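Presented below is the structure to which this report refers.
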Amino acid sequence: MSQSDLLHHYSQQFNQELEEIRTNVLAMGGLVEQQLEEALNALVSGDVGHGERVVANDYQVNALDVQIDERCTVILARRQPTASDLRLVLVVIKTTADLERIGDEAKRVARMAIRLGSADHSRGLFLEIEHLGTLVRGMLNKALDTYARMDVVAALEVAKEDQRIDREYENVMRQAITYMMEDPRSIPFVLDIIWSARALERIGDRCRNIAEYVIYFVKGKDVRHTNLEQIEEELIRR
Amino acid sequence: MRAGWSQETWRLVGILALSLVIGLVIGRVRDCLLVGLAVVLALNLYNLHQFLAWLGASEGLKPRDAPGVWGEIYHHVYLLQRRNRKRKRKLAKLLAQFQLSAEAMPDAAVALGEGWDIRWFNEAATRLLGLRPGQDAGSSIRNLLRNPDFHAYLSAGEFDRSVEIGAPGHLGRRLSVRIIPFAGNQRLLLAQDVTDRYRLERIRRDFVANASHELRTPLTVIAGFVENMRHDDTAAARHWARPLALMEQQAARMQRIVEDLLLLSGLESGQAVTDAQDVDVGALIHDIREEAIAAGGPDAPSLIAEVTAEARLRGGSQYLRSAFTNLVMNAVQHTPAGAKVWIRWRLDGDRGVFEVQDTGEGIPAEHIPRLTERFYRVDVARSRRRGGTGLGLAIVKHVLQNHDGQLEIESEVGVGSTFRCVFPSARLVFSANLDEQRKAAG
Chain A
56 MSQSDLLHHY
66 SQQFNQELEE
76 IRTNVLAMGG
86 LVEQQLEEAL
96 NALVSGDVGH
106 GERVVANDYQ
116 VNALDVQIDE
126 RCTVILARRQ
136 PTASDLRLVL
146 VVIKTTADLE
156 RIGDEAKRVA
166 RMAIRLGSAD
176 HSRGLFLEIE
186 HLGTLVRGML
196 NKALDTYARM
206 DVVAALEVAK
216 EDQRIDREYE
226 NVMRQAITYM
236 MEDPRSIPFV
246 LDIIWSARAL
256 ERIGDRCRNI
266 AEYVIYFVKG
276 KDVRHTNLEQ
286 IEEELIRR
Chain B
966 MRAGWSQETW
976 RLVGILALSL
986 VIGLVIGRVR
996 DCLLVGLAVV
1006 LALNLYNLHQ
1016 FLAWLGASEG
1026 LKPRDAPGVW
1036 GEIYHHVYLL
1046 QRRNRKRKRK
1056 LAKLLAQFQL
1066 SAEAMPDAAV
1076 ALGEGWDIRW
1086 FNEAATRLLG
1096 LRPGQDAGSS
1106 IRNLLRNPDF
1116 HAYLSAGEFD
1126 RSVEIGAPGH
1136 LGRRLSVRII
1146 PFAGNQRLLL
1156 AQDVTDRYRL
1166 ERIRRDFVAN
1176 ASHELRTPLT
1186 VIAGFVENMR
1196 HDDTAAARHW
1206 ARPLALMEQQ
1216 AARMQRIVED
1226 LLLLSGLESG
1236 QAVTDAQDVD
1246 VGALIHDIRE
1256 EAIAAGGPDA
1266 PSLIAEVTAE
1276 ARLRGGSQYL
1286 RSAFTNLVMN
1296 AVQHTPAGAK
1306 VWIRWRLDGD
1316 RGVFEVQDTG
1326 EGIPAEHIPR
1336 LTERFYRVDV
1346 ARSRRRGGTG
1356 LGLAIVKHVL
1366 QNHDGQLEIE
1376 SEVGVGSTFR
1386 CVFPSARLVF
1396 SANLDEQRKA
1406 AG
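Protein sequences appear in the order of chains A and B. Here the first sequence is numbered in this note's numbering, starting from 56 and rising by one per residue. Here the second sequence is numbered in this note's numbering, starting from 966 and rising by one per residue.
Here it is in structure tokens:
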């Protein structure tokens, strides 16, 4: 049930429709990647203009979400797909929902960047959050790559990466608490940073979801809400 | 050839003669001849069978002897096959060499099929674009390069320019990507690492922006004090009146330059696109005309506004105003009193055209291509005397770039110049009640 199977389909047009929604999801993913990148740039460099652009462009992500869902509905109604085709449509619907949320989180980070950008702050915490942001961006990119290639092994790796992001998130939190204890005046600013870190950590969770959908599509096995060792065992056994 | 055929003929004749003789002896000529022919047929069938078996051999053919014409056939097929094998080897070597040279290219190269499916790519593509050999052939490049700008570039189909995107999976690395169509529906994608160039460009831009910004405050202070001193009515001030006037004049000029530089760097970072609105060009022309008449004083040429297009222009109103003002002020400065300057907003086909035409002294042709360069002046001394910053047309060019427009310049020495801003139809907004709105407002 790999990519080549996607291409060998009895109906050429149906096949094209399926490929098209998959490409649409990935295009939406590209847009979300760009939004996240700009939001992080805005946060780290304090560039308010970048942040405002992210907030203004969020509607594009939402529009794509609605548009892809509509196409899926049409395919479900008209073609009544079964087996892997049905799984693909289901996975597309779920992935767009997750991508839309990632877009929202990016917007949240951008809002924080706009708020923080106007004031002058110590840059220590920004370094920490930049590191977290780099990790999350990499993970989103990899998750979308596995989605493009329908690659189970890579999907497992992405799912594992979530743990690293969780650790990094805890790191930022510890640092933030230290800052607040040292200087209570910094609390409002540190709270904003914490919100941004939280948003980034959530993006990590959603990337893991996308990786799990890939496993579901290829193996037909729902691996949500199970731990990683179990997933690996399941996949090896098959 | 000859030998084979004669051998074959003699054999046929021999067999037939033999069967004829036997037939005459035993008195059954017809039957014996039939048997003879059957023998000839069987011999040929046997040879055919042998030949097919020989052709079907899996490894390379070896030369083989056979009687008569069959020997010739074996010989020729063998030669043909040997020639083919040699050619194939040569082609394989060429192909391997070509692939090696493509691998050695520092730029990523990806051969794409009709539906953007990946056919082949080199080693640099693995490095720069993150493609995986053995896994990604056949899948669409759009799935793996997901940058929205790249997708827009693909669907726009204007492949005579390149697009700059961030490298997937590499933070901070910039790529310049270009599609080159070839052989009908095939395309070649070339991606070049332009991180260094991009970084330099950004450093330059940031430097200009920061320097202008830092200069603004000290300039304001200096200009303020100079103005105060000029209006002071003491003996010292009267003594220094001329230097002070010059200082004020120059400080004002420097302030204008700084403002223009800041405007330019704002344009370069693409701000105008974000705050787009529908601009009423007719009203804008009206304002600019009033402004120009007020600034020009008694020496100003007469300004004629001709607004024939009923379309609004989608864009940043401040930027458009600054671009149009620059064009009008240029025309006013270079046109003698009593002559005419036309300001037009009209439609040319489905495109919108803002046009400033003067009857001034005109610009020599060799200067025209360089007019939009920063600080480029046709006549250095005079332009400075009139208080120009040398940045006006650079601003116009950048504003137009940000609005998908083009600047066209026509000029003839002694006759006059025409500066034309051409906007694509996608930038125009038509509304039926524009005139009523304007009437209601004015």
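The C-beta atom is built at its ideal place from N, Cα and C for all residues, glycine as well. Computed from a predicted model, the values in this text were never measured in an experiment.
I'd like to know whether the C-beta atoms of residue i and residue j end up nearer to each other than 8 Å.
i, j, result
"Ala1276 of chain B", "His1251 of chain B", "no"
"Ser1177 of chain B", "Leu1226 of chain B", "yes"
"Leu1096 of chain B", "Leu1077 of chain B", "no"
"Arg263 of chain A", "Ala214 of chain A", "yes"
"Val164 of chain A", "Leu290 of chain A", "no"
"Ile1222 of chain B", "Leu1140 of chain B", "no"
"Glu31 of chain A", "Ile169 of chain A", "Given that chain A is displayed from residue 56 to residue 293, the structure contains no residue 31 of chain A and the question cannot be resolved."
"Gly969 of chain B", "Gly1033 of chain B", "yes"
"Leu98 of chain A", "Ile220 of chain A", "no"
"Val1244 of chain B", "Leu1285 of chain B", "yes"
"Arg1152 of chain B", "Ile1144 of chain B", "yes"
"Glu1213 of chain B", "Arg1195 of chain B", "yes"
"Pro1133 of chain B", "Asn79 of chain A", "no"
"Glu1326 of chain B", "Val1378 of chain B", "yes"
"Trp1310 of chain B", "Val1364 of chain B", "no"
"Val1293 of chain B", "Ala1265 of chain B", "no"
"Asp120 of chain A", "Glu155 of chain A", "yes"
"Ile1420 of chain B", "Val1075 of chain B", "Residue 1420 of chain B lies beyond the stretch modelled for chain B, which goes from 966 to 1407, so this question has no answer here."
"Gly1279 of chain B", "Arg1392 of chain B", "The residue you asked about is not Gly; residue 1279 of chain B is Arg in the sequence shown. Yes. Within cutoff."
Can you tell me whether DSSP reads residue i as helix, strand or coil?
i, result
"Leu1372 of chain B", "strand"
"Ala1237 of chain B", "Bear in mind that the predicted position of Ala1237 of chain B carries a pLDDT of just 49, short of 50, making it too unreliable to give a figure here."
"Ile1328 of chain B", "coil"
"Ala1406 of chain B", "For Ala1406 of chain B, the predicted structure reports a pLDDT of 49, less than 50, and the residue's modelled location is therefore unreliable. The matter cannot be settled from this model."
"Ala1359 of chain B", "helix"
"Asp1245 of chain B", "coil"
"Ala1073 of chain B", "strand"
"Glu1493 of chain B", "What is shown of chain B runs 966 to 1407, which leaves residue 1493 of chain B out entirely."
"Trp1081 of chain B", "coil"
"Val1394 of chain B", "strand"
"Gly1262 of chain B", "helix"
"Arg1029 of chain B", "coil"
"Arg976 of chain B", "helix"
"Arg1385 of chain B", "strand"
"Gln1366 of chain B", "helix"
May I ask which residues mark the beginning and end of the beta strand (DSSP E) holding residue i?
i, result
"Arg1339 of chain B", "Neither: Arg1339 of chain B is in no beta strand (DSSP E) and is coded neither H nor E."
"Val1128 of chain B", "1128–1131"
"Ser1141 of chain B", "1139–1147"
"Lys1305 of chain B", "1305–1313"
"Ile242 of chain A", "It is not in any beta strand (DSSP E) - Ile242 of chain A instead sits in the alpha helix (DSSP H) that spans 242–274."
In the DSSP assignment, the alpha helix (DSSP H) including residue i goes from what residue to what residue?
i, result
"Trp1019 of chain B", "994–1020"
"Ser1066 of chain B", "1034–1069"
"Ala118 of chain A", "103–134"
"Ser1390 of chain B", "Premise fails: Ser1390 of chain B is in no alpha helix (DSSP H) and is neither H nor E."
"Ala138 of chain A", "138–172"
"Ala209 of chain A", "207–237"
"Val48 of chain A", "Nothing can be reported for residue 48 of chain A, as the shown portion of chain A is limited to 56 through 293."
Exposed or buried, which one is residue i when buried takes at least 16 other CB atoms within 10 Å?
i, result
"Arg1175 of chain B", "Here residue 1175 of chain B is Asn; the residue named in the question, Arg, does not match the sequence. Asn1175 of chain B is exposed by the Cβ-count criterion."
"Asn1049 of chain B", "exposed"
"Leu1086 of chain B", "Reading the sequence as shown, one finds Phe at residue 1086 of chain B and not Leu. The residue in question, Phe1086 of chain B, is buried, as its Cβ has 16 or more Cβ neighbours within 10 Å."
"Ser984 of chain B", "buried"
"Lys162 of chain A", "buried"
"Lys1362 of chain B", "buried"
"Met1070 of chain B", "exposed"
"Ile1168 of chain B", "exposed"
"Phe1190 of chain B", "exposed"
"Val116 of chain A", "buried"
"Phe1395 of chain B", "exposed"
"His1014 of chain B", "exposed"
"Ala1156 of chain B", "buried"
"Leu1228 of chain B", "buried"
Within the 8 Å Cβ cut-off, does residue i reach chain D?
i, result
"Arg1029 of chain B", "The displayed structure is made up of protein chains A and B, and chain D is not among them."
Only counting runs of 4 or more residues, tell me where the alpha helix (DSSP H) segments fall wholly within the stretch 1093–1135 of chain B, in order along the chain. Listed in chain order, the complete alpha helix (DSSP H) runs (minimum 4 residues) inside the stretch 1093–1135 of chain B are 1106–1109, 1113–1121.
Contiguous beta strand (DSSP E) assignments of at least 3 residues, all confined to the stretch 1264–1297 of chain B: As summarised for the stretch 1264–1297 of chain B, the continuous beta strand (DSSP E) elements at least 3 residues long and confined to that stretch are 1267–1272, 1276–1280, given in chain order.
Fully enclosed by the stretch 1148–1204 of chain B, which beta strand (DSSP E) runs are 3 residues long or longer? Those beta strand (DSSP E) runs which fall completely within the stretch 1148–1204 of chain B and span 3+ residues are 1151–1158.
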